[in-house]
Amino acid sequence: MPASTAWPILLAFGITLSFASLVTSVGVGIGGLVLVCCAVAGWAKQVLPEEHHEMIPVKARQFTPSSVRTQVAHIQVSEVHRAFLPVESYAVTSGLRGGIAGGIVMIFPALLYGYLTQHSIWYAVNLLGGAGVAHWTNATTADIAAFHWNGLITATIIHTAICTLIGLLYGAMLPMWPRRPILLGGIVAPLLWTGLLHSILGFVNPAFNARIAWGWFALSEIVFGIVAGVVVTRSGKIRTHQTLPFILRMGIEAKDFKGPTGDRR
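Under this note's numbering, the first residue of the sequence shown is numbered 290, with each subsequent residue one higher.
Right under this line is the structure:
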């Protein structure tokens, strides 16, 4: 049997301390990072290059099968003999496409907000990339509304990473919502996400929280969710065969590949 280990629990505790440092102190975050590094190293030693195992004693017992039947019925195994739930699912690449498409479209409400309120399309960009804007700790509204290369680069990196991760999440979770996936993934989920950020951002970053127009923020999230949901749901589904290679489960086709039922894919 696989050897028991406490490293996963310590890793989870270290990650918890790292995020708790956002509302406590830097020392808590440093302790969490140290614990994360130790847990990752210790866990890796237990699974690489070979997994550690422990011997479990097995007691043998005599068993004589008996039956009153004179014939044995053979089960005809077919593709529908055992169902995998969900039977069909979206490919991982469809979630990536949805996240990229939603991330591109949601830029326009954000730029429109900056133009209407501050007469600058760079206002929302610099808010997102606030850590890279010059003099951010004492930044004025005019400084945030101006163009900054470092703010643009930081905002682009943050926006791309978040949209990609949420797109992957959509691709994984939309099959769990067979009814009205656009309503749940495009409206309900963005509103819940906006409410969560609104409740904690005042403690994490009060300066950032004071400058966010939450109505426009929710609108941008809803636009992202609807577009990403539409792109994902219109993508073709693939059958969820656990025996298929990982490359096929990602939705990447291979020529002349014969599936478990003999069909070519």
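All C-beta atoms in this analysis are idealised placements derived from N, C-alpha and C, irrespective of residue type, glycine included.
Residue environment: His342 is assigned as exposed (fewer than 16 neighbouring CB atoms within 10 Å of its CB, all protein chains considered). Counting the other CB atoms within 10 Å of its CB gives His408 a total below 16, which places it among the exposed residues. For Val519, the CB contacts under 7 Å within the same chain, skipping 5 residues up- and downstream, are Ile471 in chain order. As the crow flies, the alpha-carbon of Thr313 is around 14 Å from that of Ile304. Sixteen is the threshold: when 16 or more other Cβ atoms of the shown chains lie within 10 Å of the Cβ of Trp411, as they do, the residue is buried. The alpha carbon of Gly320 has as its nearest neighbour, out of Ser307, Leu417 and Trp332, the alpha carbon of Ser307. Annotation: the continuous alpha helix (DSSP H) that includes Met462 extends over Trp438 to Met462. Cα atoms of Gly484 and Pro338: separation of roughly 45 Å, rounded to the nearest angstrom. Per DSSP, Thr359 is not a residue of any alpha helix (DSSP H), being assigned neither H nor E.
Rounded to whole angstroms, the gap between the alpha carbons of Asn498 and Lys334 is 43 Å.
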